[in-house]
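Have a look at the structure below, then the notes.
There are 2 protein chains.
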Amino acid sequence: MVPIDRREMLKLSSAASLATIFSSADGQPSRSETHPEMGSVPLWEVFEIRLAGPSTGNPYVDVQLGATFSLGHRTVQVDGFYDGEGSYKFRFMPDTLGNWNYTTASNAPELSGKSGSFTCVAAQPGVHGPVRVRNTHHFAYADGTPFFPFGTTCYAWIHQSEDLQQQTIESLRNAPFNKIRMCVFPKHYQYNHNEPALYPFERDAAGKSDFARPNPAFFRHVEQRIADLRALDIEADLILFHPYDRWGYASMPAEADDRYLRYVLARMSAYRNIWWSLANEWDLMRAKSAQDFDRFFHIVEQHDPVGHLRSVHYSHTMYDYSRPWVTHASLQTAAFESAPTWLAAWNKPICFDEVQYEGNLNSRWGNLSGQEMMRRFWLGVIYGCYVTHGETYLDPKAAMDENTTPTIWWSHGGKLNGTSPARIGFLRRLLESTAHDPGQAASRTGLTAQSLSYYLNASTVSTTGTDAQDIFYFFDYHQPIYYEFPLPDGTYMAELIDPWEMKTVPLSGTFSGKSKIRLTGTPSQAVRFRRT
Amino acid sequence: MVPIDRREMLKLSSAASLATIFSSADGQPSRSETHPEMGSVPLWEVFEIRLAGPSTGNPYVDVQLGATFSLGHRTVQVDGFYDGEGSYKFRFMPDTLGNWNYTTASNAPELSGKSGSFTCVAAQPGVHGPVRVRNTHHFAYADGTPFFPFGTTCYAWIHQSEDLQQQTIESLRNAPFNKIRMCVFPKHYQYNHNEPALYPFERDAAGKSDFARPNPAFFRHVEQRIADLRALDIEADLILFHPYDRWGYASMPAEADDRYLRYVLARMSAYRNIWWSLANEWDLMRAKSAQDFDRFFHIVEQHDPVGHLRSVHYSHTMYDYSRPWVTHASLQTAAFESAPTWLAAWNKPICFDEVQYEGNLNSRWGNLSGQEMMRRFWLGVIYGCYVTHGETYLDPKAAMDENTTPTIWWSHGGKLNGTSPARIGFLRRLLESTAHDPGQAASRTGLTAQSLSYYLNASTVSTTGTDAQDIFYFFDYHQPIYYEFPLPDGTYMAELIDPWEMKTVPLSGTFSGKSKIRLTGTPSQAVRFRRT
Chain A
3 MVPIDRREML
13 KLSSAASLAT
23 IFSSADGQPS
33 RSETHPEMGS
43 VPLWEVFEIR
53 LAGPSTGNPY
63 VDVQLGATFS
73 LGHRTVQVDG
83 FYDGEGSYKF
93 RFMPDTLGNW
103 NYTTASNAPE
113 LSGKSGSFTC
123 VAAQPGVHGP
133 VRVRNTHHFA
143 YADGTPFFPF
153 GTTCYAWIHQ
163 SEDLQQQTIE
173 SLRNAPFNKI
183 RMCVFPKHYQ
193 YNHNEPALYP
203 FERDAAGKSD
213 FARPNPAFFR
223 HVEQRIADLR
233 ALDIEADLIL
243 FHPYDRWGYA
253 SMPAEADDRY
263 LRYVLARMSA
273 YRNIWWSLAN
283 EWDLMRAKSA
293 QDFDRFFHIV
303 EQHDPVGHLR
313 SVHYSHTMYD
323 YSRPWVTHAS
333 LQTAAFESAP
343 TWLAAWNKPI
353 CFDEVQYEGN
363 LNSRWGNLSG
373 QEMMRRFWLG
383 VIYGCYVTHG
393 ETYLDPKAAM
403 DENTTPTIWW
413 SHGGKLNGTS
423 PARIGFLRRL
433 LESTAHDPGQ
443 AASRTGLTAQ
453 SLSYYLNAST
463 VSTTGTDAQD
473 IFYFFDYHQP
483 IYYEFPLPDG
493 TYMAELIDPW
503 EMKTVPLSGT
513 FSGKSKIRLT
523 GTPSQAVRFR
533 RT
Chain B
3 MVPIDRREML
13 KLSSAASLAT
23 IFSSADGQPS
33 RSETHPEMGS
43 VPLWEVFEIR
53 LAGPSTGNPY
63 VDVQLGATFS
73 LGHRTVQVDG
83 FYDGEGSYKF
93 RFMPDTLGNW
103 NYTTASNAPE
113 LSGKSGSFTC
123 VAAQPGVHGP
133 VRVRNTHHFA
143 YADGTPFFPF
153 GTTCYAWIHQ
163 SEDLQQQTIE
173 SLRNAPFNKI
183 RMCVFPKHYQ
193 YNHNEPALYP
203 FERDAAGKSD
213 FARPNPAFFR
223 HVEQRIADLR
233 ALDIEADLIL
243 FHPYDRWGYA
253 SMPAEADDRY
263 LRYVLARMSA
273 YRNIWWSLAN
283 EWDLMRAKSA
293 QDFDRFFHIV
303 EQHDPVGHLR
313 SVHYSHTMYD
323 YSRPWVTHAS
333 LQTAAFESAP
343 TWLAAWNKPI
353 CFDEVQYEGN
363 LNSRWGNLSG
373 QEMMRRFWLG
383 VIYGCYVTHG
393 ETYLDPKAAM
403 DENTTPTIWW
413 SHGGKLNGTS
423 PARIGFLRRL
433 LESTAHDPGQ
443 AASRTGLTAQ
453 SLSYYLNAST
463 VSTTGTDAQD
473 IFYFFDYHQP
483 IYYEFPLPDG
493 TYMAELIDPW
503 EMKTVPLSGT
513 FSGKSKIRLT
523 GTPSQAVRFR
533 RT
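These protein sequence lines map, in sequence, to chains A and B.
One rule links them: number in the numbering used here = place in the first sequence (from 1) + 2.
One rule links them: number in the numbering used here = place in the second sequence (from 1) + 2.
Right under this line is the structure:
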């Protein structure tokens with residue numbers, strides 16, 4: 003778990019120490035194959051092999067290449083990729099300490115049979131590895147540190163001006179979010195009609211794409227942003243397909259879809275902070291079927307050697323989240339009351355990734371009050387799930403002007419204007435503080451929603467597993483003047499929480515058994531019990 | 003439609019004029035059978051015949067009696083009842099102007115073959131008759147005046163001290179409610195353990211009830227309260243059975259149940275302001291089945307000559323509201339989003355009679371904030387339905403004291419302390435003002451929920467039928483800075499409404515077609531359009 007206020011420090015220390023290990027013309031982590039014998043790579047960083055090879059014909063299609071990394075009896079296969087101008091690369095994220103050997107293979111002789119080794123050394127401070135499912139319904143980093151997703155949404159931020167992208171990065175640095183939903187492809191939708199600076203495929207003079215020729219500059223740009231997020235300890239929930247398209251990326255032939263996926267997987271799987279989101283609103287993609295997405299999942303499973311989290315998001319028709327290749331559900335609904343059923347049916351974590359957005363748009367999905375957005379985060383957590391933020395504010399002064407081109411966080415990034423992020427950060431800090439004992443962290447990942455009884459004023463939630471220590475109550479629009487809390491075994495300290503005012507007030511004394519406690523008698527209050 | 007602020011005036015004028023027509027020792031409307039030839043009775047008042055008869059044996063069981071009232075070719079059968087001390091009564095509510103004749107019949111010779119006549123004359127000012135279903139999903143008084151139910155809940159108010167009952171009546175006089183859910187039988191439940199002053203049946207020294215011997219004083223008391231409500235233009239939604247019982251009234255034998263129903267029907271059907279609620283939470287009555295309630299409905303249908311509204315209320319398991327003898331649904335849920343399905347399935351009005359209560363209790367059902375209670379009224383109306391209020395506040399100073407016996411509106415009556423009633427009154431006045439053109443009122447009863455589109459920020463609602471004139475939007479927790487309203491044919495004036503602040507702000511100009519209107523960008527706002 004990385005507390006929010008450590009981000010700045012971590013970014014500085016990571017950047018400094020990585021610079022001594024990796025060298026890269028474009029500022030990305032990389033490892034020249036000309037010095038394999040010198041290499042030592044920290045856990046969960048990117049080791050990169052660069053080789054020169056053929057540049058005639060269509061190297062993206064003609065050249066097959068891969069590498070085998072081995073440590074003792076274990077071998078890991080990774081795909082290489084063509085990065086343009088005769089340059090070929092292989093990327094690998096070591097997940098185990100020790101001495102790794104590698105050998106390349108290719109149908110191009112100059113890319114084949116190259117071998118070397120490096121030592122995987124201890125992780126940089128604050129680096130915990132990729133996020134995995136943990137305790138059935140929850141998440142943790144690879145080192146066991148609990149990860150509570152508190153995501154936001156900036157679908158097309160990497161396709162805006164460089165100034166705006168830098169502003170987004172600065173906003174994220176100061177925001178409470180540790181996951182961001184973002185698209186690889188540019189987006190065509192209401193309020194978002196600009197052309198991207200870079201296109202994912204080569205285009206002819208008439209703007210026709212050649213889906214067999216990726217544009218390496220485009221993908222290097224995506225990677226740069228993923229690396230920027232990694233430096234901020236933010237998971238990139240990377241959306242691979244989406245329906246809001248005017249360039250043809252939503253309706254490529256199956257062969258092109260699959261080749262695109264293989265290319266992304268070969269380039270980016272070594273970035274530890276990636277989650278694969280197969281699509282935003284897959285069911286609105288008219289050229290694709292559920293079977294296409296089954297196939298996409300299989301490709302991702304087979305060609306991502308890291309095994310990043312995998313899901314897909316829908317508009318009206320759910321993908322079947324019970325399928326074994328889906329690691330977690332990515333829902334578009336605020337039906338939190340269905341969560342117990344879904345958690346039990348799927349045995350996977352649930353991210354309520356689209357619960358509508360805080361904003362003031364003309365559209366139902368984009369005009370929640372800040373209070374309501376905050377409320378939805380609390381409800382999601384109380385149901386043992388996770389919620390994603392989005393913000394859609396028009397500047398009131400220009401709202402009625404048809405000719406303005408607004409900058410809206412949910413699509414473009416930029417600045418956050420809403421009232422909910424501060425409250426979301428407050429909730430995140432509350433949850434993270436339930437797991438701040440390092441020795442206990444691994445066994446106390448995640449939340450468990452408890453008895454959702456009709457006669458309870460609120461649901462309870464606690465850190466797991468068998469050893470619940472913290473219990474949260476959220477009273478929503480209920481306003482009891484007192485409440486009899488049925489505490490499980492143990493002695494507890496308690497505090498009143500005002501989620502909107504972001505204040506906690508400790509109650510004097512300790513509590514055990516059925517505990518009658520005076521409350522404020524006002525709505526939107528919460529209580530936390532901590533076992534002593 | 004009786005505007006709220008006319009109540010006081012109506013009460014005074016009714017009382018004054020009724021006194022010249024009826025004479026009654028106990029202050030109730032009545033008509034002595036010794037002067038039938040002098041009689042003139044206004045529409046929808048109570049005509050009463052009193053006869054002396056046998057007082058030996060058990061007259062409640064032994065004596066059968068009824069009367070036939072006729073007007074031209076029409077005859078109406080009414081049951082008589084024993085009122086104790088050798089006194090027998092027949093009550094009749096005339097619903098048609100003209101000269102009515104009557105004849106009694108009985109197995110007791112002194113009660114049989116008595117005949118007479120009276121003239122039914124025009125209704126008293128402000129009297130509109132019993133409430134009926136109108137336009138499928140809505141209500142109107144018998145004279146066609148629209149009736150929008152805005153009910154409250156005081157289950158056991160008539161079983162409290164006389165002082166408290168009078169305080170309740172004064173509270174109701176100043177409250178916005180035109181319907182009240184109330185029990186015939188006393189109630190045994192949390193916060194309500196007092197013995198009633200009167201019992202519905204004779205009891206022996208050990209407190210054992212004789213269900214074959216009603217207590218006339220008890221039922222006269224119930225009638226007095228119904229008459230008090232009638233004077234305030236409040237419908238008595240009279241609950242005939244309920245599970246919260248320690249005296250045996252919830253588990254009488256079937257024969258006793260049926261006899262009790264017949265007795266209530268004979269006594270009270272002539273009160274125009276009664277709705278029959280067969281039970282509160284019928285499914286929690288362990289001694290009763292759904293078939294018992296089917297039978298109760300049949301008894302009510304057959305022995306209520308006025309044909310008052312009939313429903314039954316549940317806790318978890320709905321009674322089948324599609325059955326033909328149910329006139330409207332009486333729900334315990336706040337699932338307003340299901341209303342369109344239910345309205346279409348049942349083709350009856352829906353009263354969301356229990357949507358939880360404004361208050362501060364320890365129980366989930368009794369601690370809504372005033373804002374949430376107001377919100378539920380707006381949602382119900384927007385879905386083309388009706389909502390009932392309840393209030394459950396403990397005095398904060400005494401809330402933690404186990405030994406206090408609080409007075410809580412929902413059970414005892416007393417004073418209203420909440421913030422929602424004023425807002426409910428504001429909404430009621432808004433709706434009633436949609437029908438204030440007397441010439442149009444009859445054809446414009448009720449509300450119609452319109453297109454509940456995903457892309458609409460809010461549902462619309464309008465006065466019916468084919469001639470919608472008023473359209474309401476309620477934006478709930480949505481806060482658009484502007485909205486494009488798709489107005490139906492016509493030209494409209496518009497006003498912004500703040501439901502909590504109870505303010506309306508007229509917008510300048512008129513609107514037609516798709517109308518883009520600047521809004522406040524704050525939550526919980528509404529808009530009304532009125533066709534010009």
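Glycine is no exception: its CB is placed at the ideal position from the N, C-alpha and C atoms.
Keep in mind it's a predicted model, so treat the numbers as computed, not measured.
For a contact defined as C-beta to C-beta under 7 angstroms, what are the partners of residue i on chain B?
i      : result
A:R520 : M402
A:Y485 : N364
DSSP state of residue i, grouped into three classes?
i      : result
B:P61  : helix
B:Q334 : strand
A:S445 : Unreliable positioning characterises A:S445 in this predicted model, as indicated by a pLDDT of 39, which lies under 50. A coordinate reading is not provided.
A:G427 : helix
B:R183 : strand
B:W284 : helix
B:L509 : coil
A:Y246 : coil
B:Q167 : helix
A:G467 : Bear in mind that a pLDDT of 42 at A:G467, under 50, signals an unreliable position, so the model cannot answer this.
B:I352 : strand
A:Y1   : Chain A is shown from 3 up to 534; residue 1 of chain A falls before or after that span and cannot be answered.
A:G372 : helix
A:F149 : coil
B:H414 : helix
A:T522 : coil
Find the residues of chain A that neighbour residue i, judging by a C-beta separation of less than 9 angstroms, and give them in chain order.
i      : result
B:H315 : Residues of chain A passing the Cβ test: none, with the nearest at roughly 17 angstroms.
B:Q192 : Ordered by position in chain A, no residue passes the 9 angstroms Cβ test against B:Q192, which lies about 11 angstroms from the chain.
Taking Cβ positions, are residue i and residue j nearer each other than 8 angstroms?
i      : j      : result
A:A142 : A:P148 : yes
A:V308 : A:A281 : no
A:F299 : A:R312 : yes
B:V123 : B:P44  : yes
A:Y316 : A:Q334 : yes
A:I276 : A:I352 : no
B:R425 : B:M504 : yes
B:I160 : B:H244 : no
A:A54  : A:E112 : yes
For residue i, return the contacting residues in chain A, with the cut-off set at a CB-CB distance below 7 angstroms.
i      : result
B:G523 : N362 and P398
B:L370 : Y479 and H480
Going by the C-beta, is residue i closer than 7 angstroms to any heavy atom of the ligand COA?
i      : result
A:K518 : By its list of ligands, the structure shown contains no ligand whatsoever, and the ligand COA lies outside what it can speak to.
How should residue i be labelled, buried or exposed, when 16 other C-beta atoms within 10 angstroms of its C-beta is the threshold for buried?
i      : result
B:V63  : exposed
B:R430 : buried
B:K91  : buried
A:E360 : buried
B:N405 : exposed
A:T106 : buried
A:S324 : exposed
B:D145 : exposed
B:V507 : exposed
Please compile the residues from chain A whose C-beta is within a distance smaller than 8 angstroms of the C-beta of residue i.
i      : result
B:Q373 : Y479 and P525
Checklist entry - Got a sec: which bits of the region 275-300 of chain A sit with their beta carbon under 7 angstroms from any beta carbon on chain B, in order along the chain? => result Those residues of the region 275-300 of chain A that come within reach of chain B (Cβ to Cβ, closer than 7 angstroms) do not exist; the list is empty.
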